[in-house]
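Right, one structure below, let's go through it.
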Amino acid sequence: MRVLYFAWLREKTGIGQEELCLPAGVDTPRALAGWLAGRGPGHAAAFADMALIRCAVDREFAALDAKLGGAAEVAFFPPVTGG
Amino acid sequence: MRRISVQEEDFDAGAELARLTGGGAGGVASFIGVVRGEADGRKLAALRLEHYPGMTEAALARLADAALARWALTGVIIIHRVGRLLPAQNIVLVATASAQRAAALAATAYLIDRLKTDAPFWKAEEFADGAVRWVSARPGDEAAAAAWRKDLPPGPDRL
């Protein structure tokens, strides 16, 4: 699965995207975030406060507790601020 | 006429609005967002705009389609810039045309309100003293977008 980070999540993790094989049981964006937080201090800092984080699954906004199913791409980012 | 663009380069608002005349249009309404010169009383050097390539264009196209389905429009244009923008420079253009003014005015307000909550853009403020701060979402933006959803039946407009 491809995981993307935007805005300050990209800065804290230090990467824009990574390709990962998910362990069994990681079936929601929230569970994925919890697993990613264990990958290093940058990731831990990025996911320290889940109240600040939104996500998209296969390029559609999704709830953090949505089922990942066979998703190919998950993105994590803060609330959007365009316009 | 439906035109969506996410681009680094500036847009020519006059030329864009000219695309919307004709085709039964009786009026053209538009909104242009520009970079402020200050934030919270501090002088801004620039605004950095980031987006989610691929998802952004799809999200904007969906909003344009929802506006076209809701109002009798003859055209919709959404152009959003990304990259490093200086104070007073253009950020976004939303423009719509319709036979009568009411539809164009309402659709323009709808599009800019919804764009703020439903398209994956992020802004960082670069201050004159060198500090950089990611902009927080404003609760008022979500309320404005939600107001457009409230009185709608289920359909392509619901995200």
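First to last, the protein sequences are chains S and R.
In short: position in the first sequence from 1, add 87, done, that's the working numbering.
In short: position in the second sequence from 1, add 1191, done, that's the working numbering.
All C-beta atoms in this analysis are idealised placements derived from N, C-alpha and C, irrespective of residue type, glycine included.
query = Quick one: what does DSSP say R/E1229 is sitting in, helix, strand or coil?
reply = Here residue 1229 of chain R corresponds to residue number 38 of the second sequence, with the count starting at 1. R/E1229 falls in the strand class under three-state DSSP.
query = What's the gap between the Cα of S/G222 and the Cα of S/A158?
reply = With chain S covering only 88 through 170, there is no way to say anything about residue 222 of chain S.
message = Does chain S have any CB closer than 8 Å to the CB of R/F1202?
response = For the purposes of this step, residue 1202 of chain R is taken as residue 11 along the second sequence, with counting starting at 1. No, because no Cβ of chain S sits closer than 8 Å to the Cβ of R/F1202.
Beta strand (DSSP E) runs wholly inside the region 95 to 169 of chain S, at least 3 long, in chain order = 104 to 106, 141 to 144, 147 to 149 and 160 to 164
inquiry  = Please classify S/G169 as buried or exposed, where buried requires at least 16 neighbouring CB atoms within 10 angstroms.
reply    = By one-based count along the first sequence, residue 169 of chain S stands at place 82. Its Cβ being crowded by 16 or more others within 10 Å, S/G169 is buried.
Secondary structure of R/P1347, DSSP reduced to three states = One-based indexing of the second sequence puts residue 1347 of chain R at position 156. For R/P1347, the predicted structure reports a pLDDT of 45, less than 50, and the residue's modelled location is therefore unreliable. A value from the coordinates is still provided. Looking at R/P1347 - three-state DSSP - the assignment turns out to be coil, as it is neither helix nor strand.
Beta-carbon proximity check, S/D145 vs S/R117, cutoff 8 Å = Along the first sequence, one-based indexing puts residue 145 of chain S at 58. Along the first sequence, one-based indexing puts residue 117 of chain S at 30. Not closer than 8 Å, so no.
task = Figure out for me which residue from R/D1201, R/L1264 and R/R1194 has the closest Cα to the Cα of R/G1215.
result = Here the question's residue 1215 of chain R lines up with position 24 in the second sequence. Minimum Cα distance to R/G1215 is reached at R/L1264.
query = When the Cα atoms are used, what is the spatial distance from R/L1254 to S/G101?
reply = The residue you call residue 1254 of chain R lines up with position 63 of the second sequence. The residue you call residue 101 of chain S lines up with position 14 of the first sequence. Taking the straight line from one Cα to the other gives about 32 Å.
message = For R/W1262, tell me which candidate among R/A1294, R/L1302, R/Q1198 and R/F1318 has the shortest Cα-Cα distance.
response = Counted from its first residue, the second sequence places residue 1262 of chain R at position 71. Residue R/A1294 is the option with its Cα nearest to R/W1262.
key: R/E1317, enclosing beta strand (DSSP E) - first and last residue   = The sequence position of residue 1317 of chain R within the second sequence is 126, counting from 1. Counting along the chain, the beta strand (DSSP E) containing R/E1317 begins and ends at F1312 to F1318.
task = Could you work out which residues of chain S lie near R/A1328, taking near to mean beta carbons separated by less than 8 Å?
result = Mapped onto the second sequence, residue 1328 of chain R falls at position 137. P165, P166, V167 and T168, listed in chain order.
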